[in-house]
Amino acid sequence: MFFHIVLERNMQLHPRHFGRNLRENLVSKLMKDVEGTCSGRHGFVVAITGIENVGKGLIRDGTGFVTFPVKYQCVVFRPFKGEILEAAVTMMGFFAEAGPVQIFVSNHLIPDDMEFQSGDMPNYTTSDGSVKIQKDSEVRLKIIGTRVDATEIFCIGTIKDDFLGVINDPTTA
Amino acid sequence: MSGEEEENAAELKIGEEFLKAKCLMNCEVALILEHKYEQLQQMSDDPMNQVSQVFEKSLQYVKRFSRYKNPDAVRQVREILSRYQLAEFELCVLGNLCPETVEEAIAMVPSIKQRIVLDMQTKGRAHDDDAIERMLNDLSLIKKFE
Numbered sequence: 001m002f003f004h005i006v007l008e009r010n011m012q013l014h015p016r017h018f019g020r021n022l023r024e025n026l027v028s029k030l031m032k033d034v035e036g037t038c039s040g041r042h043g044f045v046v047a048i049t050g051i052e053n054v055g056k057g058l059i060r061d062g063t064g065f066v067t068f069p070v071k072y073q074c075v076v077f078r079p080f081k082g083e084i085l086e087a088a089v090t091m092m093g094f095f096a097e098a099g100p101v102q103i104f105v106s107n108h109l110i111p112d113d114m115e116f117q118s119g120d121m122p123n124y125t126t127s128d129g130s131v132k133i134q135k136d137s138e139v140r141l142k143i144i145g146t147r148v149d150a151t152e153i154f155c156i157g158t159i160k161d162d163f164l165g166v167i168n169d170p171t172t173a
Numbered sequence: 001m002s003g004e005e006e007e008n009a010a011e012l013k014i015g016e017e018f019l020k021a022k023c024l025m026n027c028e029v030a031l032i033l034e035h036k037y038e039q040l041q042q043m044s045d046d047p048m049n050q051v052s053q054v055f056e057k058s059l060q061y062v063k064r065f066s067r068y069k070n071p072d073a074v075r076q077v078r079e080i081l082s083r084y085q086l087a088e089f090e091l092c093v094l095g096n097l098c099p100e101t102v103e104e105a106i107a108m109v110p111s112i113k114q115r116i117v118l119d120m121q122t123k124g125r126a127h128d129d130d131a132i133e134r135m136l137n138d139l140s141l142i143k144k145f146e
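Going down the list, the protein sequences come from chains A and B. Using the UniProt record's numbering, you'd call the opening residue of the first sequence number 1 and step up by one each time. Using the UniProt record's numbering, you'd call the opening residue of the second sequence number 1 and step up by one each time.
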C-alpha cells in the first residue's frame with residue numbers, strides 16, 4: 001500500500017552551499033539522498049512531495065559542516081503481511097511485481113488444479129485450460145510473508161484463497 | 001524488534017505509525033507521480049534519467065492498476081468511502097480492488113466485518129452486509145459514470 005507520511009532526516013550540508021540558496025540546496029540534496037531508498041520500517045520512498053519544516057542548523061565540531069533536521073512529506077510504498085494487492089507477473093515460477101516490490105508465489109501457494117507447463121511460453125494452466133498465468137498476466141494476490149534486507153523488501157505471496165488469482169490475461173485482453 | 005506484535009493487514013495490525021498515516025489509493029498515487037514527472041519534464045529534456053528506479057516502477061504500476069483515471073472520480077471515491085467509518089487502510093484496499101460482491105469485499109478486507117460487528121452489536125449481521133452492499137453500489141456507480 002502507498003502511504004503519505006512525514007519523515008525526518010538530519011541533513012549535513014557543506015559550507016559552500018550556504019547563502020541565498022541554502023534551502024534549495026538542502027531540498028535537492030534531500031531528494032537525491034532519499035528518493036528511491038528503502039528501509040524495513042518505512043518501505044520504499046517513492047517521491048518527496050513537500051518540506052514540512054527545516055530546523056535550526058548545528059555546526060559540527062571541527063568540520064564546518066552544518067546539520068539541519070529536515071521534516072518532509074513523502075509517498076512511500078510499504079507492503080504488509082496479510083495485505084491483498086494486484087501485481088503484474090514478470091517471470092514464470094512465478095514472480096510478480098507491485099511497484100518496486102518483488103513478490104514470489106511458490107508452487108505450493110498456487111491452487112492445486114493449476115499445473116506448470118514448460119516450453120517457450122512457460123505458464124500455469126488449469127486442467128480445463130480456462131485459466132492461464134503467464135508473463136505479463138495480472139494477478140491479485142495476498143502477501144503472506146515479507147523479508148527485509150538493507151536495500152530491498154521481498155515478499156512471498158499466495159493465490160490459493162477465495163477471490164485471488166488471475167484478473168487479466170494478456171492473450172485474451 | 002522487541003515487544004512488537006506481528007503485523008497482519010487482515011486484522012489491521014500495521015503499526016501505530018502507518019495506522020495514523022494517510023493511505024493513498026493507486027489512482028491517487030498516479031496523480032501525484034504524474035504531476036511530479038511533468039514538473040521534472042519541464043526542467044530537463046530527459047526526465048527518466050532524473051528519477052529513481054523506484055519512482056519509475058511505481059509510476060508504471062499505478063498507471064496499470066488504477067481503477068479510476070479521472071481526478072474528479074478519484075476524489076468522489078474517497079469522499080464516498082469516507083462516509084462509512086473505515087480505517088484509511090481499509091478505504092484504500094477497497095478503492096484499489098473494487099470488489100463487486102459483499103463476500104468478496106469481506107474476503108479482501110476481513111477487518112471491515114469485525115469493525116462493523118463491534119460498532120453495531122445490537123443490529124445484527126444482516127445490516128452490516130447491507131451497509132457493505134450500499135458502499136459497493138456507490139463505488140460501481142462512480143466507475144460507470146466516469
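Every residue gets a Cβ at the ideal spot worked out from N, C-alpha and C, and that includes glycine. The model shown is predicted, which means the values in this text are computed figures rather than measured ones.
Buried or exposed: residue i, going by 16 or more other Cβ atoms within 10 Å of its Cβ?
| i | result |
| --- | --- |
| Ala9 (chain B) | buried |
| Ile133 (chain A) | buried |
| Met121 (chain A) | exposed |
| Glu6 (chain B) | exposed |
| Thr151 (chain A) | exposed |
| Arg140 (chain A) | buried |
| Ser44 (chain B) | exposed |
| Ser106 (chain A) | exposed |
| Lys32 (chain A) | exposed |
| Asn123 (chain A) | buried |
| Asp136 (chain A) | exposed |
| Leu19 (chain B) | exposed |
| Thr122 (chain B) | Residue confidence for Thr122 (chain B) is low, a pLDDT of 47 falling below 50, so the modelled location carries little weight; the figure read from the coordinates is stated next. By the neighbour-count rule (16 or more Cβ atoms within 10 Å), Thr122 (chain B) is not buried but exposed. |
| Gly124 (chain B) | In this prediction, Gly124 (chain B) has a pLDDT of 47, which is less than 50 and means its spatial position is unreliable; what the coordinates show is noted afterwards. The residue is exposed, with fewer than 16 neighbouring Cβ atoms inside 10 Å. |
| Leu58 (chain A) | exposed |
| Glu86 (chain A) | buried |
| Asn10 (chain A) | exposed |
For residue i and residue j, which I take to be in contact (beta-carbon distance under 8 Å), what is that distance rounded to the nearest angstrom?
| i | j | result |
| --- | --- | --- |
| Cys92 (chain B) | Met25 (chain B) | 5 Å |
| Phe3 (chain A) | Val76 (chain A) | 5 Å |
| Val102 (chain B) | Glu28 (chain B) | At roughly 25 Å, the Cβ-Cβ gap does not stay under 8 Å, so Val102 (chain B) and Glu28 (chain B) are not in contact. |
| Phe44 (chain A) | Gly55 (chain A) | Actually they are not in contact, since the Cβ atoms of Phe44 (chain A) and Gly55 (chain A) sit about 25 Å apart, beyond 8 Å. |
| Ile156 (chain A) | Phe80 (chain A) | Their Cβ separation, rounded to whole angstroms, is 13 Å, which puts Ile156 (chain A) and Phe80 (chain A) out of contact at 8 Å. |
| Val46 (chain A) | Ser58 (chain B) | 5 Å |
Residue i: which of the options sits nearest, CA to CA?
| i | options | result |
| --- | --- | --- |
| Gly19 (chain A) | A:Val70, A:Thr37, A:Val66 | A:Val66 |
| Ile51 (chain A) | A:Cys74, A:Val45, A:Ile156 | A:Cys74 |
| Asp112 (chain A) | A:Val131, A:Phe104, A:Val101, A:Gly99 | A:Val131 |
| His108 (chain A) | A:Gly129, A:Arg78, A:Ile159 | A:Ile159 |
| Gln114 (chain B) | B:Thr101, B:Cys98, B:Glu90 | B:Glu90 |
| Arg78 (chain A) | A:Val70, A:Met92, A:Asp61, A:Pro100 | A:Pro100 |
| Leu81 (chain B) | B:Gly15, B:Glu11, B:Leu141 | B:Leu141 |
| Tyr68 (chain B) | B:Lys20, B:Ala131, B:Cys98, B:Glu88 | B:Cys98 |
| Asn96 (chain B) | B:Cys23, B:Ala131, B:Gln41 | B:Cys23 |
| Ile132 (chain B) | B:Ser52, B:Gln60, B:Ala107 | B:Ala107 |
| Ser127 (chain A) | A:Met114, A:Leu164, A:His42, A:Gly119 | A:Met114 |
| Gly145 (chain A) | A:Val34, A:Gly82, A:Met92 | A:Gly82 |
Report task. Go through the segment 29 to 82 of chain A residue by residue and report every complete run of the beta strand (DSSP E) that reaches 3 residues or more, in order. Result -> When DSSP assignments are scanned along the segment 29 to 82 of chain A, the uninterrupted stretches of beta strand (DSSP E) that are 3 or more residues long and fall wholly within it turn out to be 43 to 54, 66 to 77.
**Report entry** Entirely enclosed beta strand (DSSP E) segments - the UniProt domain "S1 motif" (79 to 153) of chain A, minimum 3 residues
**Finding:** Listed in chain order, the beta strand (DSSP E) elements of length 3 or more contained wholly in the UniProt domain "S1 motif" (79 to 153) of chain A are 84 to 91, 95 to 98, 101 to 105, 114 to 117, 123 to 126, 138 to 148.
Report task. Give the residues from the segment 111 to 128 of chain A that approach chain B closer than 9 Å (Cβ to any Cβ), ordered along the chain. Result -> Identification of residues in the segment 111 to 128 of chain A having a C-beta nearer than 9 Å to some C-beta of chain B yields an empty set.
Query - Length at least 3, wholly inside the segment 21 to 82 of chain B: the beta strand (DSSP E) runs in chain order - result: Taken in chain order, the unbroken stretches of beta strand (DSSP E) that lie wholly in the segment 21 to 82 of chain B and span 3 residues or more are 22 to 24.
Query raised in the report: If you measure beta-carbon to beta-carbon, which residues of the segment 143 to 160 of chain A are closer than 7 Å to chain B?
Result: Within the segment 143 to 160 of chain A, no residue qualifies.
Report task. Residues of the segment 1 to 29 of chain A with a CB closer than 7 Å to any CB of chain B: list them in chain order, please. Result -> Correct list: Met1, Phe2, Phe3, His4, Ile5.
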